[in-house]
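Novice:
Residue numbers (our numbering), protein chains in the order written: chain A, 164 to 280; chain B, 423 to 538.
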């Protein structure tokens, strides 16, 4: 079974501070990894994804994430946050077996990011 | 708008009543997913369709829950004899998988269910 753990429930930063949100997953095989963001009053949107290849992936709005297979981690980073980054961030994993996708995403519990101007 | 749409956006019902939600995926997407999200938690997988075939169901999906996708386009999720514990946001997502590995799910705005 897949599981995802996000380290922080609520992170509070000032503008221009650096951000790192932790995500660890549990799955015995190959995975696809995702970070989704939910801005206040809006629906879930994909921030970035890792399928294969370069473990450092870049997403929208200056976000990036690094897949470290040995640590089962996929931490999200941004060098300098803005007030508009205030949102809830979800890490998600999809297990791959036999070369096909099993469809379902398993999400972490989410991290609320509040950025003060 | 070519995104995933869900109706209704909000539903308030009394315990014991039946409710039905509708999801219209992005038009060329052959995969459709239902998730449930409660306060302070991430979305939890409920069920998954590829075209009209329901290929996976979570143990969360009790006998009171049923989902259909009769023509491989829109989908409905019905909850019979609602309970207060069913109160949640019900999310629909769709994707298209042109390769054997990996696809990206696009989420709709959700239907918020409140059971009184």
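Cβ atoms here follow ideal geometry from the backbone N, Cα and C, with glycine treated the same way.
Please name the residue or residues paired with residue 426 of chain B in a DSSP beta bridge.
Specialist: Taking the second chain and counting its residues from 1, one reaches residue 426 of chain B at position 4. BP columns for residue 426 of chain B are empty, so no partner.
Novice: Tell me whether residue 236 of chain A sits in a helix, a strand or coil according to DSSP, three-state version.
Specialist: In the first chain, counting from the first residue as 1, residue 236 of chain A sits at position 73. Strand, per DSSP.
Novice: Can you find a CB in chain A that lies within less than 7 Å of the CB of residue 478 of chain B?
Specialist: Position 56 of the second chain, counting from 1, holds the residue named residue 478 of chain B. At least one chain A Cβ lies under 7 Å of residue 478 of chain B.
Novice: What span of residues does the beta strand (DSSP E) with residue 467 of chain B cover, start to end?
Specialist: By 1-based counting over the second chain, the position of residue 467 of chain B is 45. Unbroken beta strand (DSSP E) run through residue 467 of chain B: 466-472.
Novice: If you check the beta carbons only, do residue 467 of chain B and residue 449 of chain B fall under 7 Å apart?
Specialist: By 1-based counting over the second chain, the position of residue 467 of chain B is 45. By 1-based counting over the second chain, the position of residue 449 of chain B is 27. No; because the gap between Cβ atoms is not below 7 Å, this pair is not in contact.
Novice: In the DSSP assignment, what are the bridge partners of residue 208 of chain A?
Specialist: The residue given as residue 208 of chain A occupies position 45 in the first chain. In DSSP, residue 208 of chain A forms a bridge with A:200.
Novice: From which residue to which residue does the beta strand (DSSP E) around residue 456 of chain B run?
Specialist: Walking along the second chain from the start, residue 456 of chain B turns up at place 34. It spans 453-459 - the beta strand (DSSP E) in which residue 456 of chain B sits, taken as one unbroken run.
Novice: Can you grab the Cα-Cα spacing for the pair residue 166 of chain A / residue 438 of chain B, in whole Å?
Specialist: Along the first chain, one-based indexing puts residue 166 of chain A at 3. Along the second chain, one-based indexing puts residue 438 of chain B at 16. Each residue's Cα considered, the two are about 33 Å apart.
Novice: Along chain B, which residues have their Cβ under 7 Å away from the Cβ of residue 279 of chain A?
Specialist: Taking the first chain and counting its residues from 1, the one referred to as residue 279 of chain A is at position 116. In chain order: nothing, as chain B lies at least about 22 Å away.
Novice: Is any beta-carbon of chain B found at less than 7 Å from that of residue 281 of chain A?
Specialist: No answer is possible for residue 281 of chain A: the residues shown for chain A start at 164 and end at 280.
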